[in-house]
Amino acid sequence: MNANGQETPETGRTLSSLTGEYTVRWESRSSVRTRPRKTIDFEEEGYFFPEDKQPLLLADEVASLGGKAKNDILVQSFYKYLHDIVNLEIKEIVAACSKILYADLPVEFSEETKLNTYSVIIDEYYHVYIAQDMILQLEEQHPDLKPLDYPISDSRRAVIETKKHLDPKYHDVFEILANCCFETTLVRELVEFFNSPGVHPSIKYYVNDHMNDESRHYAFFYDLMTYLWAEVPEDYRQAIGIHLADFTLLYLSVESEKLFNIELLGSFIEDREQARTSVEALYAGFEITPDVPIVKNVLRAFRNAGMLDHPSVRAGFTRIGWTV
Ligand SMILES: [Fe+2]
Ligand SMILES: [Fe+2]
1 MNANGQETPE TGRTLSSLTG EYTVRWESRS SVRTRPRKTI DFEEEGYFFP EDKQPLLLAD
61 EVASLGGKAK NDILVQSFYK YLHDIVNLEI KEIVAACSKI LYADLPVEFS EETKLNTYSV
121 IIDEYYHVYI AQDMILQLEE QHPDLKPLDY PISDSRRAVI ETKKHLDPKY HDVFEILANC
181 CFETTLVREL VEFFNSPGVH PSIKYYVNDH MNDESRHYAF FYDLMTYLWA EVPEDYRQAI
241 GIHLADFTLL YLSVESEKLF NIELLGSFIE DREQARTSVE ALYAGFEITP DVPIVKNVLR
301 AFRNAGMLDH PSVRAGFTRI GWTV
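Quick note: the sequence shown, position 215, residue 215 per the UniProt record's numbering, numbers continuous.
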C-alpha cells in the first residue's frame, strides 16, 4: 500500500487524491482561489431554507401562525445551518487535519498528502469566513431574529461518546477516521438539499459554491480513509472497528435537529412542553436502519475503504442487529 497514486492491493483503489494531482485541481477550482464574495441580495424573492426540509412547517401550530412565521422559521433554520458550519468546520474538520500534520501517529503521510491537507484547512477556514459573513448580513437584515440555543451536533456528539469507550492511544486515529466519514457520506445530500424549488437564488449560489469544494474534499477524505485504515497497526483496527456501528447510529440520529426544532417552535408558541410534544410527533417513526439512503452512503464508504471486511467492524454491526 502506498499513497503515491498506485493501486492498493487491499481495495483495488487508486489513491490519487493523496498525491499532487489533488493540488492541481485545488489551484484551478477551489472557491478561495476563484470565487467572489458571497452577498445576499435581499431584493430577490425566495426562502432561505428549503420548505420541504423543515418538518416544523407541517406542525398545526405553525400553519396557524401565518406567512411571516413561516418565513422566520426558514431564516432561523438557515441561520442554524450557518452556525453549524462556523462550529463544525474548524472544531471537527480542521482539528482532524491538524492531527494529520502534527500528531504523533503510527502512520506516515507523504509530503504531497500534507500539502493537500493544508489546502483543506484553508478551504474550511474560508467556509467559516463566508458563513460568518452571511450571518452578519442576515442579522443586519433581520434585527428581530431571536437568539436560540444551538444543541451539540450529532457528529460531534458521536465523536465525544465514542472516545469515552476508546483507550486514549486510539483517539487521534479515530477522530481522523470519523472526519473522513463525515466528509464522504453527506456531500451528495447537501448538494441536493438546497436545490428544492423556492429557495432564494443567493442561498443556492452560496451552497453550490461550498459544495464545489466539498466534492473535492470527498475525494481526498475517501482516499485518506482507505490509506489510514490499511496502514494503522492491527490493534487500532480492532479497537476502533468494534465501535464504528454505534458511532454510525449516533452520527446519523436526528437528535440535534429535533432539539433545535423544539427550541425554535417553543420561541414562537411560548410553550416549550407543547413544542416538544409536537416535534416528537413530527419525527415519530423515523428510525436509523440500513435501508435509509444516508446510512447506505456510510456503509458504502466503509465498504469501499476496505473497513467492512474487518471482523471487528462486522462484529459491531452484528451487535446492533445489522447485516452488512
Ligand atoms: Fe466546508
Ligand atoms: Fe470539507
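Built from N, CA and C at the ideal position, the CB exists for glycine as well. Keep in mind it's a predicted model, so treat the numbers as computed, not measured.
Would you identify the three-state DSSP class for residue i, choosing helix, strand or coil?
i           : result
residue 326 : Nothing about residue 326 can be reported from this structure: the residues present for the chain run from 1 to 324 only.
Y79         : helix
A3          : A caution first: A3 carries a pLDDT of 47, below 50, which makes its placement in the model too unreliable to give a value.
T14         : strand
Looking at residue i and ligand 2, is the gap between the Cβ and the nearest heavy atom below 6 angstroms?
i    : result
H210 : no
E175 : no
H217 : yes
E189 : no
E61  : no
E214 : yes
E183 : yes
Is it the case that the Cβ atoms of residue i and residue j are separated by a distance below 7 angstroms?
i    : j    : result
T226 : A305 : yes
A239 : Y170 : yes
Y118 : L74  : no
I40  : S267 : no
P168 : L259 : no
E112 : T19  : yes
K38  : I122 : no
E175 : A96  : yes
F221 : A158 : no
T23  : L115 : yes
P55  : L265 : no
Y102 : L138 : no
S17  : A219 : yes
E61  : I269 : yes
V279 : I294 : no
R35  : D209 : yes
M134 : L190 : no
P143 : P233 : no
N212 : E92  : no
H217 : V292 : no
I90  : V128 : yes
Which same chain residues end up closer than 6 angstroms to residue i when comparing Cβ atoms and leaving out the 5 residues on each side of it in sequence?
i    : result
R314 : none
H310 : R237 and G241
K68  : none
K146 : S267
N297 : T185
R276 : I262
Go through its chain and collect everything with a Cβ distance to residue i's Cβ below 8 angstroms, but skip five positions before and after it.
i    : result
S153 : D84, N87, L88 and S256
T323 : P290 and F317
F193 : P50, K53 and V207
S196 : P50, E51, D52 and K53
K163 : H171, F174 and E175
Quick one: is residue i near chain B, going by C-beta distance under 7 angstroms?
i   : result
P55 : Absence of chain B from the displayed structure is noted, only one protein chain being present.
Keeping to the same chain, check which residues put their C-beta closer than 7 angstroms to that of residue i; ignore five residues upstream and five downstream.
i    : result
H165 : H243
G44  : According to the sequence displayed, residue 44 carries Glu and not Gly. Answer for E44: H200, P201 and S202, listed in chain order.
S312 : R237, Q238, G241 and I242
S253 : D154 and I288
L65  : F268
Is residue i near ligand 1, judged by its Cβ being under 6 angstroms from some heavy atom?
i    : result
H83  : no
H127 : yes
E124 : yes
I89  : Correcting the residue identity first, residue 89 is Glu in this sequence and not Ile. The answer is yes for E89.
Below 6 angstroms, is the gap between the Cβ of residue i and the nearest heavy atom of ligand 3?
i    : result
P290 : Ligands in the displayed structure: ligand 1 and ligand 2; ligand 3 is not one of them.
Could you tell me which whole alpha helix (DSSP H) segments of length 4 or greater appear in the stretch 111–198? The stretch 111–198 contains these whole alpha helix (DSSP H) runs: 111–141, 154–164, 171–185 and 187–193.
Which runs of the beta strand (DSSP E) fall wholly inside the stretch 230–278 and span at least 3 residues, in chain order? Listed in chain order, there is nothing to give.
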